[in-house]
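Student: Using the UniProt record's numbering, the first residue of the sequence shown is number 1, and each one after it goes up by one. Note that CB positions come from ideal geometry on N, CA and C, so glycine has one too. Mind having a look at this structure? Questions to follow.
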Amino acid sequence: MSTGADDNGDGEMVKLNVKVPKRLLEEIDELAEELEYTNRSEFIREVLRDTTEPILTPGAQEGVSEGYADVAAGRTMSTDEARERLGIDD
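Here is the structure:
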């Protein structure tokens, strides 16, 4: 296992080997280049951070989940209906 100092303050870097299908590696490389990452490792680290570190607070995540549940259950209304209910004119 290879280790090294982390350049962005997240702690010690540890090498991780992963096998992926060739097409997935090609997509990773294309995205990394398109999004102007220095290399594929930088891109993969960012994706892993985004996946493991929640962007929203637990309360906000709960609100989003409730919103999706409302949509799935049909508990929605159009903008016009909301304006009418709230007495808002255009």
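With distances taken from CA atoms, which of R45, L35 and L31 is nearest N17?
Tutor: Cα-wise, what sits closest to N17 is R45.
Student: So, is residue 104 buried or exposed, given that buried needs 16 or more other C-beta atoms within 10 angstroms?
Tutor: Outside the shown range of the chain, which is 1 to 90, sits residue 104, and nothing can be said about it.
Student: Return the chain-ordered ranges of every alpha helix (DSSP H) run that is complete within the segment 16 to 46 and spans a minimum of 4 residues.
Tutor: Those alpha helix (DSSP H) runs which fall completely within the segment 16 to 46 and span 4+ residues are 22 to 34.
Student: Would R40 and D50 qualify as a contact pair, given that the criterion is a beta-carbon distance under 7 Å?
Tutor: Not a contact, by the Cβ cut-off of 7 Å.
Student: Within its chain, find whatever has a CB closer than 8 Å to the CB of T3; leave out the 5 residues flanking it on each side and keep chain order.
Tutor: Confidence is the limiting factor: at T3 the pLDDT is only 47, short of 50, which leaves the residue's position unreliable and the question unanswerable from this model.
Student: What did DSSP end up calling P54 once you bin it into helix, strand or coil?
Tutor: Three-state result, P54: coil.
Student: Suppose the cutoff is 8 Å on Cβ atoms and the five residues either side in sequence are ignored; what does the same chain contact list for R85 look like?
Tutor: If we look at R85 and ignore the five residues flanking it on each side, its Cβ neighbours are M77.
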